[in-house]
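Enquirer:
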Amino acid sequence: MSDYIFGRVLTAMVTPFNEDLSINYDVAEKLADHLVNNGSDGLVICGTTGESPSLEDDEKYELLKVVKNAVGDRAKIIMGTGSNSTAKAIKDTQKASKIGIDGSLQVVPYYNKPPQDGLYQHFSSIAKSCPDVPMMLYNIPGRTGKNLEAETTAQLAYNLDNIVAVKEASADLEQTAKIRILAPSDFLIYSGEDFLTLPMMTVGCVGVVSVASHLVGNQMQTMIQAYEKGNNSLAQEIQQKLYSLFKVIFCNTNPIPVKYALELQGWNVGSVRLPLSSLSESQKKEVQKVLINLS
Numbered sequence: 211m212s213d214y215i216f217g218r219v220l221t222a223m224v225t226p227f228n229e230d231l232s233i234n235y236d237v238a239e240k241l242a243d244h245l246v247n248n249g250s251d252g253l254v255i256c257g258t259t260g261e262s263p264s265l266e267d268d269e270k271y272e273l274l275k276v277v278k279n280a281v282g283d284r285a286k287i288i289m290g291t292g293s294n295s296t297a298k299a300i301k302d303t304q305k306a307s308k309i310g311i312d313g314s315l316q317v318v319p320y321y322n323k324p325p326q327d328g329l330y331q332h333f334s335s336i337a338k339s340c341p342d343v344p345m346m347l348y349n350i351p352g353r354t355g356k357n358l359e360a361e362t363t364a365q366l367a368y369n370l371d372n373i374v375a376v377k378e379a380s381a382d383l384e385q386t387a388k389i390r391i392l393a394p395s396d397f398l399i400y401s402g403e404d405f406l407t408l409p410m411m412t413v414g415c416v417g418v419v420s421v422a423s424h425l426v427g428n429q430m431q432t433m434i435q436a437y438e439k440g441n442n443s444l445a446q447e448i449q450q451k452l453y454s455l456f457k458v459i460f461c462n463t464n465p466i467p468v469k470y471a472l473e474l475q476g477w478n479v480g481s482v483r484l485p486l487s488s489l490s491e492s493q494k495k496e497v498q499k500v501l502i503n504l505s
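Here the sequence shown stands for residues 211 to 505, where the numbers follow this note's numbering.
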C-alpha cells in the first residue's frame, strides 16, 4: 500500500450482473479480491464504471457490504455517493459512512450546471455534514456538462480538511498543473483517464482511478512506481505497450468495452443495464485483437 491515503492505483470497479441484470454479488466479491491481488491499492464502487445511475440505493449499500467484507482489510474502499442534489449526496454519504467507507467520490452535479459558487457550496455542505469522511472530488465535464475550475478545487482543498483529493477527468493538463500549484501540497490529484496517467504525473498527479486496471493492474502499478523512482524509460515503455488497450476500452461508452473484455477473460460480469447497450460486432473484434496482442 502506498503512503498516500488512497494509494496509487484505484480501480473503478464494474458492477457484475446476472442474466436477469440483478447484481451478481458472488462475482463482485471474487472480482474485488482479484483486483486487490493484482495491483489495486483501492476500489471505487458505484461510480460511472459501476453504472451508478442504473443502480438502486439498496443495491449500492449491499454491494458496499460485500466488497468491504471481501477486501476491506487489504484495500481502501471509496464509494460514489455524489448527486446533483446536495441533500441526497449528504444523505447517501452519511449512510455509506455508517456501513464503513475509506472515502467518498463526489461528482460535479450533472445536468443542472451550477456556477462555481454553487459548486463550492455543494461540496462544502457535504464535507461539513460528513466531517469524518475523506472526500475525493470528481471532475468530468464530458459527462456533467460543467467544469470544476482549478481555483474552486483549490479553495475547497484549503477550506475543508476532509476534501483530500480530486479525480481529474477533464483531459486538461494545464488545469491539472494549475491545481497542483494552487492547492495545498498534500492535496492529491488522480488521473481520471488511463491514457493520461503518465502525462499527468509530470505535472503533479499521484495516481489513477483506473478502468484498465481491471485487466492490467500490475502493469499500471509498475508504470507509476517506475516513474516515481526516476525510471522514465520503463514507465514510457509500459505506457506505449498499454496504449492500444487504453484506447480500445473507450471505443464505446464506459463500461461497455471493459465488461466485454472481462467476459473474454472468463469473468462472468454480465451485460450492462439500459440505457447502455452492447458493443457492435466490429468493436468486439477490436477488443479481441487488443487482448490477444497484450497476452
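Built from N, CA and C at the ideal position, the CB exists for glycine as well.
Thinking just about the alpha-carbon of each residue, which of 352, 386 and 353 is nearest to the one in residue 363?
Expert: The shortest Cα separation from residue 363 among 352, 386 and 353 belongs to 386.
Enquirer: Taking 8 Å as the limit between beta carbons, can you name the residues of its chain near residue 284, skipping five residues before and five after?
Expert: Only 246 meet the Cβ criterion.
Enquirer: Counting only runs of 4+ residues fully inside the stretch 249-283, write out the alpha helix (DSSP H) ranges in chain order.
Expert: With a minimum length of 4 residues, the continuous alpha helix (DSSP H) runs that stay inside the stretch 249-283 are 267-281.
Enquirer: Within the stretch 337-417, note down every full alpha helix (DSSP H) run reaching 4 residues or more, in order along the chain.
Expert: Within the stretch 337-417, the complete alpha helix (DSSP H) runs of at least 4 residues are 351-354, 360-369, 383-392 and 407-411.
Enquirer: Residue 347 to residue 359, Cα distance in whole Å?
Expert: For residue 347 and residue 359, the distance between alpha carbons rounds to 12 Å.
Enquirer: For residue 316 and residue 299, which I take to be in contact (beta-carbon distance under 8 Å), what is that distance rounded to the nearest angstrom?
Expert: Confirmed, about 7 Å.
Enquirer: Rounded to whole angstroms, what is the Cα-Cα separation between residue 479 and residue 234?
Expert: Residue 479 and residue 234: Cα-Cα distance of roughly 8 Å.
Enquirer: Taking C-beta to C-beta, are residue 423 and residue 250 nearer than 8 Å?
Expert: Contact: yes.
Enquirer: For residue 420, which three-state DSSP category applies?
Expert: If DSSP states are grouped into helix, strand and coil, residue 420 belongs with the strands.
Enquirer: Is it buried or exposed for residue 232, if we count other Cβ within 10 angstroms and need 16 for buried?
Expert: The residue is exposed, with fewer than 16 neighbouring Cβ atoms inside 10 Å.
Enquirer: So residue 288 packs on residue 216, CB below 8 Å; how close in whole Å?
Expert: Contact flag correct, Cβ pair sits at about 7 Å.
Enquirer: The beta strand (DSSP E) with residue 475 in it runs from where to where?
Expert: No beta strand (DSSP E) contains residue 475, which DSSP labels as neither H nor E.
Enquirer: Using only the alpha-carbon positions, how far apart do residue 493 and residue 461 sit?
Expert: Answer to the nearest angstrom: the Cα atoms are 7 Å apart.
Enquirer: Grouping DSSP H, G and I as helix and E and B as strand, with all else coil, what is residue 217?
Expert: Note: residue 217 maps to coil in three-state DSSP.
Enquirer: On the criterion of 16 or more Cβ atoms from any shown chain inside 10 Å, does residue 224 qualify as buried, or is it exposed?
Expert: Buried: at least 16 other Cβ atoms inside 10 Å.
Enquirer: With a CB to CB cut of under 7 Å and the five nearest residues on each side skipped, what residues in its chain are close to residue 429?
Expert: Correct list, in chain order: 448 and 452.
Enquirer: If you scan the stretch 295-342 from start to end, which runs of the beta strand (DSSP E) of 3 or more residues do you find wholly inside it?
Expert: Within the stretch 295-342, the complete beta strand (DSSP E) runs of at least 3 residues are 313-317.
Enquirer: For the pair the stretch 324-338 and the stretch 364-373, tell me if three or more CB-CB distances fall below 8 Å.
Expert: Counting Cβ pairs under 8 Å, three or more are found: they touch.
Enquirer: Pull the bridge partners of residue 287 from the DSSP assignment, please.
Expert: Paired residue(s): 253.
Enquirer: What separation, rounded to the nearest whole angstrom, lies between the Cα atoms of residue 407 and residue 437?
Expert: Taking the straight line from one Cα to the other gives about 11 Å.
Enquirer: Which one or two residues does DSSP pair with residue 242 in a beta bridge?
Expert: Residue 242 pairs with nothing; no bridge assigned.
Enquirer: In the DSSP assignment, what residue or residues form a beta bridge with residue 227?
Expert: Looking at the DSSP assignment, residue 227 forms a beta bridge with 233.
Enquirer: Between residue 428 and chain C, is any beta-carbon pair separated by less than 8 Å?
Expert: In summary, chain C is missing from the structure at hand, where a single protein chain is found.
Enquirer: Determine, using beta carbons only, whether residue 280 and residue 239 come nearer to each other than 8 Å.
Expert: Taking 8 Å as the Cβ cut-off, residue 280 and residue 239 qualify as a contacting pair.
Enquirer: Taking all protein chains shown into account, do 16 or more other C-beta atoms lie within 10 angstroms of the C-beta of residue 226, making it buried, or fewer, making it exposed?
Expert: The residue is buried, with at least 16 neighbouring Cβ atoms inside 10 Å.
Enquirer: When DSSP builds the beta bridges, which residues end up paired with residue 436?
Expert: According to DSSP, residue 436 bridges with nothing at all.
Enquirer: What's the C-alpha gap between residue 491 and residue 499?
Expert: About 12 Å.
Enquirer: If contacts are defined as beta-carbon pairs under 8 Å, then residue 379 and residue 414 qualify, I think. What distance do you get, rounded to the angstrom?
Expert: Contact doesn't hold; Cβ gap of about 15 Å is too wide.
Enquirer: Is it buried or exposed, residue 450, if we count other Cβ atoms within 10 angstroms and call 16 or more buried?
Expert: Exposed, since its Cβ has fewer than 16 Cβ neighbours within 10 Å.
Enquirer: Label residue 469 either buried or exposed according to how many other C-beta atoms from any shown protein chain fall within 10 Å of its C-beta, with 16 as the threshold for buried.
Expert: Buried.
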